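So the sequence shown is numbered by this note's numbering: it starts at 28 and just counts up by one. Using N, Cα and C, we set each Cβ at its ideal position, and we do this for glycine too. These numbers come from a predicted model, not from an experiment.
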Amino acid sequence: MKKEYQYIKYVIAINFIWLGFVGAISFMEAWLKFQAPGITTEIGLGIGQLVFNALNKVEITCALAIFVVMIYSKPMYKQIKRKYFLGISLLILGLQTIWLLPALDHRADLIIQGVDVPKSRLHLWYVLFEILKVISLFAYGMMLFKIYLEKSSTKKI
28 MKKEYQYIKY VIAINFIWLG FVGAISFMEA WLKFQAPGIT TEIGLGIGQL
78 VFNALNKVEI TCALAIFVVM IYSKPMYKQI KRKYFLGISL LILGLQTIWL
128 LPALDHRADL IIQGVDVPKS RLHLWYVLFE ILKVISLFAY GMMLFKIYLE
178 KSSTKKI
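What follows is the structure, given as structure tokens:
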């Protein structure tokens, strides 16, 4: 394997760890907690706030870790095409961090306090963004894995 590609395995691992966290939390924990006995909407929203804020911190950490590896192995990333898969994930993470999570937290706080809130599409946007992020992270990880396999195979005659 060429020296500039030796760090690709770390990006693949970080990428799939990130994907695993999003998949497990957003598509399993988020709705399962409301199925548990005794969990009211208010308690479920409070748990959701804690879990999704923690998930957001994990996602930011994964994104920063990928960025550090990108800087450290610059030649590798100059040669990799289709970085837009990672770009889509980063853009979505930014929108969720700056806009959606604070707006959803505020809405959850109002519901927990007993305020009657009007219907909103914020949760739908969050779910759509999560689906798009999972697809992008999966595509990026598979693309990197394919590159890793190509660069690590040695031709023997």
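Check, Outcome
"Check whether the stretch 157 to 166 touches the stretch 32 to 40, counting contact only when three or more Cβ pairs, one atom from each stretch, lie closer than 8 Å.", "no"
"Should N42 go down as buried or exposed, given a rule of 16 or more other Cβ atoms within 10 Å for buried?", "buried"
"What is the C-beta distance between I138 and L72, in whole angstroms, given that I count them as a contact (C-beta under 8 Å)?", "6 Å"
"Y175 to N83, Cα distance in whole Å?", "28 Å"
"For E69, tell me which candidate among L171, G141, N80, R148 has the shortest Cα-Cα distance.", "G141"
"Using a Cβ distance threshold of 8 Å, determine whether the stretch 113 to 132 contacts the stretch 87 to 97, with at least three qualifying pairs required.", "yes"
"If you count every other CB in all the chains shown that lies within 10 Å of the CB of V18, and 16 or more means buried, which is it?", "Any answer about residue 18 is impossible in this case: the structure gives the chain only from 28 up to 184."
"For the alpha helix (DSSP H) containing R134, name the first residue and the last one.", "128 to 139"
"Cα separation between W58 and S180?", "43 Å"
"My understanding is that L127 touches I39, with C-beta atoms under 8 Å, so please give their C-beta distance in whole angstroms.", "L127 to I39, Cβ: 28 Å. No contact."
"Shortest alpha-carbon distance to R134 belongs to which of G65, E56, G75, F54?", "G75"
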